[in-house]
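Asks: Numbering (my numbering), first residue to last: 58 to 621.
Ideal Cβ positions, reconstructed from N, Cα and C, are used throughout, including at glycine.
#1: Out of 247, 281, 249, 246, state which residue places its alpha-carbon closest to the alpha-carbon of residue 260.
#2: So, is residue 159 buried or exposed, given that buried needs 16 or more other C-beta atoms within 10 angstroms?
#3: Have a look at 276, 293, 550, 212 and flag the residue whose alpha-carbon is nearest the alpha-carbon of residue 127.
#4: On the three-pair Cβ rule with 8 Å, is the segment 261-268 touching the segment 133-146?
#5: From residue 300 to residue 293, what distance separates their C-alpha atoms?
#6: Output needed for residue 245: all residues of its chain with C-beta closer than 8 Å, excluding positions within five of it in sequence on either side, in chain order.
#7: If you check the beta carbons only, do residue 472 and residue 438 fall under 7 Å apart?
#8: Ordered along the chain, which non-local residues of its own chain (more than five positions away) have a Cβ less than 8 Å from that of residue 271?
#9: For residue 464, which option in 419, 531, 194 has the closest C-alpha, if you only look at C-alpha atoms?
#10: On a CA-only basis, which of 142, 315, 179 is nearest residue 528? Give me that one, please.
#11: So, with DSSP's three-state summary, where would you put residue 251?
#12: If you scan the segment 336-375 from start to end, which runs of the alpha helix (DSSP H) of 4 or more residues do you find wholly inside it?
#13: Candidates 561, 487, 212, 572: which alpha carbon is nearest residue 360's?
#14: Tell me the rounded alpha-carbon separation between residue 228 and residue 153.
#15: Assuming residue 443 is part of the beta strand (DSSP E), what are its boundary residues?
#16: Have a look at the DSSP bridge pairing and note the partners of residue 308.
#17: Tell me which residue opens and which closes the beta strand (DSSP E) that residue 404 is part of.
#18: Would residue 170 and residue 199 be called neighbours here (beta carbons separated by less than 7 Å)?
#19: With DSSP run on the structure shown, which of helix, strand or coil describes residue 296?
#20: Leaving out five residues on either side along the sequence, give the residues of the same chain with a beta carbon under 7 Å from the beta carbon of residue 349.
#21: Nearest to residue 380 by alpha carbon, out of 442, 456, 215, 297?
#22: Under the DSSP definition of a beta bridge, which residues are partnered with residue 453?
#23: What are the start and end residues of the alpha helix (DSSP H) that includes residue 431?
#24: Just mark residue 434 as buried or exposed, buried being the case when its beta carbon has 16 or more other beta carbons within 10 Å.
#25: Under 7 Å between the Cβ atoms of residue 466 and residue 399?
#26: If I'm right that residue 340 touches residue 210 with Cβ under 8 Å, what's the distance once you round it to whole angstroms?
#27: Considering only the alpha carbon of each residue, which of 520, 489, 429 lies closest to residue 374?
#28: Please confirm whether residue 358 and residue 490 have their CB atoms less than 7 Å apart.
#29: Which residue or residues does DSSP assign as beta-bridge partners of residue 272?
#30: So, using beta-carbon positions, are residue 183 and residue 505 closer together than 7 Å?
#31: Grab me the residues of residue 377's own chain with a C-beta within less than 8 Å of its C-beta, minus the 5 sequence neighbours each way, in chain order.
#32: To the nearest angstrom, report how far apart residue 615 and residue 122 are at their CA atoms.
#33: Would you grab the beta carbon distance between residue 146 and residue 533 for me? Rounded to a whole angstrom, and I think it's under 8 Å.
#34: Relative to the alpha-carbon of residue 212, which residue among 233, 243, 151 has its alpha-carbon at the smallest distance?
#35: Tell me which same chain residues have a C-beta within less than 8 Å of the C-beta of residue 548, skipping the five on either side of it?
#36: Can you list, in chain order, the residues of its chain whose CB lies under 6 Å from that of residue 215, leaving out five sequence neighbours each side?
As structure tokens, this is what we get:
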């Protein structure tokens with residue numbers, strides 16, 4: 058080998074060793090960087106005219122298994138969904154504390170128990186203003202617990218909807234970053250330079266993207282990554298295909314998808330229903346299925362409470378009777394047919410509960426609402442009409458008097474209850490259940506009196522009886538047998554079971570993801586000890602190459618001296 062060839066070989070060795078040292082040093086510097094894979098430089102011998110002329114580096118690369126990366130992305134989707142589900146169910150469990158009897162402070166269970174206790178005491182002392190107030194306050198506490206819990210459920214739905222908007226923005230941001238990295242990878246590859254670091258960054262972003270929704274990926278011949286949803290909708294091709302979503306300005310129990318909530322749009326198509334995994338899918342399920350299911354059960358409890366108390370309350374009367382009764386059944390018209398039976402007794406009484414006027418109506422003879430209005434208006438001192446909401450209103454013509462009803466059946470329920478004339482609780486469900494405003498402000502209007510059952514009532518006769526405890530006892534018995542507290546406890550237990558399962562799913566998903574990322578780190582991560590040992594070997598090789606160059610230089614100097 059000529060001295061020139063030896064010098065060239067030694068110089069190429071130094072350059073190659075310097076690059077190896079740079080790669081090893083970079084590996085050590087990035088050993089704690091998430092997603093970084095250890096890089097290596099491929100070294101090849103150079104040959105000219107059959108003789109070795111040194112070494113050079115072909116490329117700096119990392120050899121990451123694409124299938125392992127895909128598995129990590131898939132596990133990330135499952136983990137993202139599990140994290141969101143466990144988080145929201147935990148918050149839901151906290152919100153249901155106002156139903157359970159296990160918490161401190163007033164709950165639905167304790168309010169119902171207090172109401173039963175107050176009513177049972179009231180049955181022994183029917184005219185006690187204090188016990189009436191205690192019962193009404195307990196009813197109000199029960200209604201408040203349901204309203205509060207319902208509001209919390211709807212707030213969680215609002216948060217889930219906002220979370221969908223945030224996730225869509227995050228997905229679009231990641232897609233834009235991956236697209237920019239694709240461009241860099243293509244240009245760098247075309248320039249014959251290493252794209253390993255760029256690919257690591259891209260893989261990290263794709264793994265983050267998988268936490269939001271289930272995706273598939275592949276690399277084309279240029280090195281660019283294409284991304285699709287699991288159902289084949291393009292997210293990133295040569296351009297970004299962004300998601301779009303409009304969050305709801307407000308959410309209540311009537312807000313549903315589709316209609317109240319917009320769809321998650323991609324390429325002009327609603328993909329909301331096709332999301333199978335990731336935090337986006339979990340948020341949609343929570344907002345549209347899980348939480349509405351809880352709201353439905355709350356509404357059932359509220360309806361049971363209203364039905365139980367209103368049916369009995371309508372069959373009794375406050376003493377003295379109120380001057381006006383306004384029905385809660387709306388949408389009635391005069392021509393509506395009525396199918397009734399039995400005798401409906403309507404009494405106008407004075408402040409001392411003496412009869413002013415009374416009327417017994419045989420409901421089997423009443424065919425329409427107008428027929429009933431005609432008969433009601435025939436009673437002296439009473440005005441009957443339908444208001445603008447189509448609700449029946451009964452008012453005494455003298456505000457010093459009161460009106461009360463008893464008996465008769467319409468459509469299988471008490472006539473007063475059919476029209477909702479003397480409801481204790483109002484509302485359409487857990488969202489707006491409340492004690493009737495006038496009873497809440499004046500508990501003495503709690504209907505614990507009865508209308509006289511005498512065969513006939515003449516002016517001056519006693520119309521109402523306040524001394525019987527049977528109305529209060531009947532409400533106490535019905536409230537106890539309705540098992541509202543048990544239903545509330547069951548709901549809390551149901552959510553608790555779901556939360557326990559969600560936490561188990563979260564742990565399993567995290568374990569799977571951790572196992573895969575640990576495998577990636579073990580296989581492709583930086584081993585600092587190995588890299589340090591490699592640097593030591595390279596430094597020794599560098600020193601040896603430098604010595605060769607020094608020796609060759611000395612030989613050149615000797616030759617130059619010899620030819621002088």
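Replies: Reading off the structure:
#1: The residue given as residue 260 occupies position 203 in the chain shown. Ranking the options by Cα distance to residue 260, first place goes to 281.
#2: Numbered from 1 along the chain shown, position 102 holds the residue referred to as residue 159. At residue 159 the pLDDT is 48, less than 50, meaning the model places this residue with poor confidence and gives no usable figure here.
#3: Stepping through the chain shown from its first residue, residue 127 is reached at position 70. Comparing Cα-Cα distances from residue 127 to each of 276, 293, 550, 212, the minimum goes to 276.
#4: Contact between the segment 261-268 and the segment 133-146 is present: 3 or more CB-CB pairs across the two stretches fall below 8 Å.
#5: Sequence index remark: in the chain shown, residue 300 carries index 243 (1-based). Sequence index remark: in the chain shown, residue 293 carries index 236 (1-based). Roughly 11 Å separates the two Cα atoms.
#6: Your numbering for residue 245 matches position 188 in the chain shown. So the list reads 251, 252, 255, once near-sequence residues are dropped.
#7: In the chain shown, counting from the first residue as 1, residue 472 sits at position 415. In the chain shown, counting from the first residue as 1, residue 438 sits at position 381. No. Outside cutoff.
#8: For this step, residue 271 is matched to residue 214 along the chain shown. For residue 271, where only same-chain residues beyond five positions count, the Cβ hits under 8 Å are 131, 134, 286, 287, 332, 333, 334, 335, 338.
#9: One-based indexing of the chain shown puts residue 464 at position 407. Nearest of 419, 531, 194 to residue 464, Cα basis: 419.
#10: In the chain shown, the residue the question calls residue 528 occupies position 471. Nearest option by C-alpha distance: 179.
#11: Stepping through the chain shown from its first residue, residue 251 is reached at position 194. Under the three-state reduction of DSSP output, residue 251 falls in the coil class, being neither helix nor strand.
#12: 348-371
#13: What you label residue 360 is simply residue 303 of the chain shown in a count that begins at 1. Looking at the Cα atoms, 487 is the closest of the given residues.
#14: On the chain shown, residue 228 is found 171 positions in, with the first residue counted as 1. On the chain shown, residue 153 is found 96 positions in, with the first residue counted as 1. Roughly 33 Å separates the two Cα atoms.
#15: Taking the first residue of the chain shown as 1, we reach residue 443 at position 386. From DSSP, the beta strand (DSSP E) with residue 443 extends over 439-443.
#16: Translated into the one-based positions of the chain shown, residue 308 becomes position 251. Beta-bridge pairing links residue 308 to no other residue.
#17: Along the chain shown, one-based indexing puts residue 404 at 347. Residue 404 -> beta strand (DSSP E) spans 400-406.
#18: Here residue 170 corresponds to residue number 113 of the chain shown, with the count starting at 1. Here residue 199 corresponds to residue number 142 of the chain shown, with the count starting at 1. Not in contact: residue 170 and residue 199 (Cβ atoms no closer than 7 Å).
#19: In the chain shown, residue 296 corresponds to position 239, counting from 1. In this structure, residue 296 counts as coil in the three-state DSSP scheme.
#20: Walking along the chain shown from the start, residue 349 turns up at place 292. So the list is empty, once near-sequence residues are dropped.
#21: Locating residue 380 in the chain shown gives position 323, where the first residue counts as 1. Per the Cα distances, 456.
#22: Your numbering for residue 453 matches position 396 in the chain shown. According to DSSP, which records beta bridges pairwise, residue 453 is partnered with 439.
#23: For the purposes of this step, residue 431 is taken as residue 374 along the chain shown, with counting starting at 1. Note, residue 431: alpha helix (DSSP H), 426-433.
#24: The residue you call residue 434 lines up with position 377 of the chain shown. Exposed: under 16 other Cβ atoms inside 10 Å.
#25: Residue mapping note: residue 466 aligns to position 409 of the chain shown, counting from 1. Residue mapping note: residue 399 aligns to position 342 of the chain shown, counting from 1. With respect to the 7 Å criterion, residue 466 and residue 399 are classified as neighbours on the basis of their beta carbons.
#26: Taking the chain shown and counting its residues from 1, the one referred to as residue 340 is at position 283. Taking the chain shown and counting its residues from 1, the one referred to as residue 210 is at position 153. Not quite, the Cβ-Cβ distance comes to about 15 Å (not below 8 Å), so this is no contact.
#27: Locating residue 374 in the chain shown gives position 317, counting from the first residue. Nearest of 520, 489, 429 to residue 374, Cα basis: 520.
#28: Working through the chain shown from its first residue, we reach residue 358 at position 301. Working through the chain shown from its first residue, we reach residue 490 at position 433. It is not a contact, given that the beta carbons lie outside the stated cut-off.
#29: The sequence position of residue 272 within the chain shown is 215, counting from 1. The partner list for residue 272 (beta bridge, DSSP) reads 286.
#30: Locating residue 183 in the chain shown gives position 126, where the first residue counts as 1. Locating residue 505 in the chain shown gives position 448, where the first residue counts as 1. A contact, by the Cβ cut-off of 7 Å.
#31: Within the chain shown, the letter at position 320 stands for residue 377. These residues qualify, in order along the chain: 406, 407, 408, 409, 410, 459, 521.
#32: Numbered from its first residue, the chain shown carries residue 615 at position 558. Numbered from its first residue, the chain shown carries residue 122 at position 65. Distance between the alpha carbons of residue 615 and residue 122: 55 Å.
#33: Counting from 1 along the chain shown, the entry for residue 146 is found at position 89. Counting from 1 along the chain shown, the entry for residue 533 is found at position 476. With 8 Å as the limit, residue 146 and residue 533 do not qualify as a contact, their Cβ atoms being about 36 Å apart.
#34: As a position in the chain shown, residue 212 is number 155, starting the count at 1. Checking every option, the nearest Cα to that of residue 212 belongs to 151.
#35: The residue you call residue 548 lines up with position 491 of the chain shown. Cβ neighbours of residue 548 beyond the five flanking positions: 153, 156, 351, 354, 355, 358.
#36: Here residue 215 is taken as the residue at index 158 of the chain shown, counted from 1. Here the set comprises 308.
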